[in-house]
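K.L.:
I'd like to ask you about the structure that follows.
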């Protein structure tokens with residue numbers, strides 16, 4: 566004689582697949598799959614920091630910071646909203662040799678990846694502009710990186726005249742108009 570038992574799931578509700586209150590606050594309530602990716606992103610971020618610190622202490626070699634971009638890329642692929650990995654990673658990558666990797670093109674690529682995932686983060690635009698200005702000395706590209714929407718020129722007609730001027734050359738009222746326009750453009 567065969568006895569059949571009905572099968573019951575060991576976890577009757579989907580809440581059992583979430584990280585409980587015993588985990589660090591950052592991971593609480595997350596789906597386990599999402600939490601695993603977040604933990605891995607944190608681990609790869611720590612590894613990127615260790616790699617950067619270790620390479621800065623090594624004597625000069627051609628292969629310094631070779632793993633920095635791959636580690637940062639992996640970190641941001643696992644957790645696309647890992648803001649600190651994009652921002653500090655770009656600084657580490659763009660800083661000239663011997664203090665950094667001296668690869669501003671990789672810093673820009675990392676920040677552009679961040680912009681694709683979270684376009685509302687104005688800091689990424691600012692950081693790319695900084696890399697263009699400070700490391701690549703491409704002042705025009707740094708200035709034109711985040712253009713103002715055309716409707717702002719209707720609100721503040723004097724902005725069109727100021728496009729070619731340096732920020733330090735603006736009067737106090739013009740600086741205020743520019744600050745208001747930027748705030749409106751950021752949303």
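Residue numbers (the numbering used here): 566 to 752.
Note that CB positions come from ideal geometry on N, CA and C, so glycine has one too.
A quick note: this is a predicted structure, and the numbers were derived from the prediction, not measured.
#1: Measure the Cβ-Cβ separation of residue 661 and residue 625 and say whether it is below 8 angstroms.
#2: At the level of alpha carbons, what is the spacing between residue 742 and residue 672?
#3: Report the rounded CA-to-CA distance for residue 594 versus residue 704, giving the unit in angstroms.
#4: In the DSSP output, what is residue 583 paired with across the bridge?
#5: Residue 651 and residue 676 look like a contact to me (Cβ under 8 angstroms); what is the Cβ gap, rounded to whole Å?
#6: Counting only the same chain and skipping the five closest in sequence on each side, list residues whose C-beta sits under 6 angstroms from that of residue 718.
#7: Kindly indicate which three-state DSSP category residue 669 falls into: helix, strand or coil?
#8: List the whole-angstrom C-beta distance separating residue 727 from residue 720, where the pair is believed to meet the contact cut-off of C-beta under 8 angstroms.
#9: Write down every uninterrupted run of the alpha helix (DSSP H) in the segment 625-687 whose length is 4 residues or greater and which is fully enclosed by it, in chain order.
#10: Considering only their Cβ atoms, is the gap separating residue 686 from residue 648 smaller than 8 angstroms?
#11: Could you check what DSSP says for residue 616 in three-state terms: helix, strand or coil?
P.N.:
Taking the structure as given:
#1: Against a cut-off of 8 angstroms, the Cβ pair of residue 625 and residue 661 comes out as no contact.
#2: 31 angstroms
#3: 45 angstroms
#4: 596
#5: At roughly 6 angstroms, the Cβ-Cβ gap stays under 8 angstroms, so residue 651 and residue 676 are in contact.
#6: 724, 725
#7: Residue 669: helix per DSSP, three-state reduction.
#8: Residue 727 to residue 720, Cβ: 14 angstroms. No contact.
#9: 633-643, 648-659, 669-682
#10: yes
#11: Three-state result, residue 616: helix.
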